[in-house]
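Numbering (the working numbering), first residue to last: 530 to 1051.
A quick write-up on the structure given underneath.
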């Protein structure tokens, strides 16, 4: 699963900071002068405002490079702070690259002098920034005959993870800087006169796994006008012509049962229907799901393992039937002693607001198995196997040791690698002289041995670790999908014995390193 992150600490830290800020504001109001300050009327209204809640997505991929693609794009009702919805994209972007997502401005291009662009976004990784496509009508490309275009970057990097506004202003200065660079590349025939903005562009950063970007609002301040013609302001409106209605998933269909031994895949933006065809019961989200994701899981009869809502949301809204498709609440890795208290408080908050008595809370301990088993209902255990020198009996012994350290009777889920991890890939790249590669997928034989070794601890679930999307058409992912499909078929056959079987006896062979177990199910 993903590398340890202080998820629990961050959630409570945000709640604590919010309390401190509110308390400080109340104290300031009580001690300050008791006369109202008039609202400023000098801030001009935006020339264009879009709350990104139309029925059709507005962003498109501009000049994609190798490996950059849109995996999913949708309008998510109830997401964000403006309007009724936000536009959400799931992107495959290699590390060191960025996806250029363009928003076309109205047919009348914006004159450059007074333009200020802004976008309210949320990205799951730092590095997003705002840019603009600027057209130079007096500078023609000799190859195409069309006016040259420059991508003007703001240079301001968004920290990520929360809703934030990114801006691009002082366009003449930015254009002058970029024009000097363009002259060194294309020659002196770069004329900035009459330049105008044709597109607002959001640069989404790349890295391991999927880049998730949500855009809540786009605003353009300035004058909109066609070059050579009088400019005119366009009245701003925050009411879209077609509003996306709020959608909430229906409860679990009565014929869909929760899997006794779920087969879970770490989600990287793949269509849920594709993962279901490979044989998975559930997906590991790593974050709270959106309304459309819950609805899609309900339609397919699949389940989700994800983070619970933050504590402040739990206190106000609770955990109602809209979360019926959640198989387990993931409290994240338990990496330090400081996480114990926070994990305990979060688990208590979930218990007080829980609407399903049998839904477990999950923790992934790192050296604190006993302590984690006193807080969580299920533990996730395991360690890397691909590229390792350990034998499979050694791996089974490690799982048995972790199982014995946990509180008696605590169920365990096993973490299984589906491809070599980042450290192995970094070492492989160094051996190849810095030349990276796609992934090194696990073979069916390796997956079969890893799951068989886990049978010794009678696991109640299997979590398959994945850092790249299975939706890719490359050979490595095709091989990985086939190996996972065969593994899931095999685990499906073993599910009755894993769910309710009891160990009858041990099986031995003439090979000293090959042993087995006999499970009996009524």
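Ideal Cβ placement from N, Cα and C applies to all residues, glycine included.
Report task. Report yes if the C-beta distance between residue 1014 and residue 969 is below 9 angstroms; otherwise report no. Result -> Sequence index remark: in the chain shown, residue 1014 carries index 485 (1-based). Sequence index remark: in the chain shown, residue 969 carries index 440 (1-based). Their beta carbons are not under 9 angstroms apart, which means residue 1014 does not touch residue 969 by this criterion.
Query - Extent of the continuous alpha helix (DSSP H) run through residue 700 - result: As a first step, residue 700 is located in the chain shown; it is residue number 171 there, counting from the start. Its alpha helix (DSSP H) spans residues 700–715.
Query raised in the report: Are the beta-carbon atoms belonging to residue 659 and residue 700 less than 9 angstroms from one another?
Result: Translated into positions along the chain shown, residue 659 becomes position 130. Translated into positions along the chain shown, residue 700 becomes position 171. In this structure, residue 700 does not lie closer than 9 angstroms to residue 659 by Cβ.
Query raised in the report: Do residue 733 and residue 652 have their C-beta atoms within less than 9 angstroms of each other?
Result: In the chain shown, the residue the question calls residue 733 occupies position 204. In the chain shown, the residue the question calls residue 652 occupies position 123. The answer is yes: Cβ separation under 9 angstroms.
Query raised in the report: Does DSSP classify residue 765 as helix, strand or coil?
Result: If you number the chain shown from 1, residue 765 lands on position 236. Legend: pLDDT at residue 765 = 41, less than 50; position of this residue unreliable, no value from coordinates given.
Requested in this report: Check whether the Cβ of residue 585 sits closer than 8 angstroms to any heavy atom of the ligand GDP, and report yes or no.
Outcome: The ligand GDP is not part of this structure, which contains no ligands at all.
Query raised in the report: Can you tell me the Cα-Cα spacing of residue 605 and residue 818, whole angstroms?
Result: Position 76 of the chain shown, counting from 1, holds the residue named residue 605. Position 289 of the chain shown, counting from 1, holds the residue named residue 818. Straight-line Cα distance between these residues: approximately 11 angstroms.
Query raised in the report: Secondary structure at residue 1032, three-state DSSP: helix, strand or coil?
Result: Your numbering for residue 1032 matches position 503 in the chain shown. Reduced to three states, the DSSP call for residue 1032 is strand.
Requested in this report: Please report the Cβ distance between residue 713 and residue 634, rounded to the nearest whole angstrom; I am assuming they are in contact, meaning their Cβ atoms lie under 8 angstroms.
Outcome: In the chain shown, the residue the question calls residue 713 occupies position 184. In the chain shown, the residue the question calls residue 634 occupies position 105. At roughly 28 angstroms, the Cβ-Cβ gap does not stay under 8 angstroms, so residue 713 and residue 634 are not in contact.
Query raised in the report: Distance, Cα to Cα, residue 853 vs residue 795?
Result: As a first step, residue 853 is located in the chain shown; it is residue number 324 there, counting from the start. As a first step, residue 795 is located in the chain shown; it is residue number 266 there, counting from the start. The alpha-carbon atoms of residue 853 and residue 795 are separated by roughly 20 angstroms.
Requested in this report: With distances taken Cα to Cα, identify the nearest neighbour of residue 724 among 689, 667, 613 and 706.
Outcome: The residue given as residue 724 occupies position 195 in the chain shown. If we check each option's Cα against that of residue 724, 667 comes out closest.
Query raised in the report: Tell me, which residues are paired with residue 944 by DSSP?
Result: Position 415 of the chain shown, counting from 1, holds the residue named residue 944. Residue 944 pairs with 992.
Query - Rounded C-alpha distance that separates residue 662 from residue 729 - result: Within the chain shown, numbered from 1, the residue matching residue 662 stands at position 133. Within the chain shown, numbered from 1, the residue matching residue 729 stands at position 200. Between residue 662 and residue 729, the C-alpha separation is close to 6 angstroms.
Requested in this report: Specify the secondary structure class of residue 641 as computed by DSSP and reduced to three states.
Outcome: Residue numbering aside, residue 641 sits at position 112 when the chain shown is read from its first letter. Coil at residue 641, not helix or strand.
Requested in this report: Find the nearest neighbour of residue 983 within the set 643, 909 and 787, judged by alpha-carbon distance.
Outcome: Residue mapping note: residue 983 aligns to position 454 of the chain shown, counting from 1. Cα-wise, what sits closest to residue 983 is 909.
Query raised in the report: Which first and last residues belong to the alpha helix (DSSP H) in which residue 840 is found?
Result: Indexing the chain shown from 1 puts residue 840 at position 311. Here the alpha helix (DSSP H) through residue 840 covers 840–846.
Report task. Give the C-beta separation of residue 679 and residue 711 to the nearest angstrom, bearing in mind that I take them to be a contact with Cβ-Cβ under 8 angstroms. Result -> In the chain shown, residue 679 corresponds to position 150, counting from 1. In the chain shown, residue 711 corresponds to position 182, counting from 1. Correct: roughly 6 angstroms between the Cβ atoms.
Query raised in the report: Straight-line CA distance for residue 904 to residue 974?
Result: Numbered from its first residue, the chain shown carries residue 904 at position 375. Numbered from its first residue, the chain shown carries residue 974 at position 445. The straight-line gap from Cα to Cα measures roughly 35 angstroms.
**Report entry** Secondary structure of residue 808, DSSP reduced to three states
**Finding:** In the chain shown, counting from the first residue as 1, residue 808 sits at position 279. Three-state DSSP puts residue 808 in coil, outside helix and strand.
Requested in this report: Using alpha carbons as the reference points, say which of 692, 693, 597 and 649 lies closest to residue 739.
Outcome: Here residue 739 corresponds to residue number 210 of the chain shown, with the count starting at 1. Here the closest residue by C-alpha is 597.
Query raised in the report: Looking at C-alpha atoms only, which residue of 628, 625 and 681 is the closest neighbour of residue 641?
Result: The sequence position of residue 641 within the chain shown is 112, counting from 1. Comparing Cα-Cα distances from residue 641 to each of 628, 625 and 681, the minimum goes to 681.
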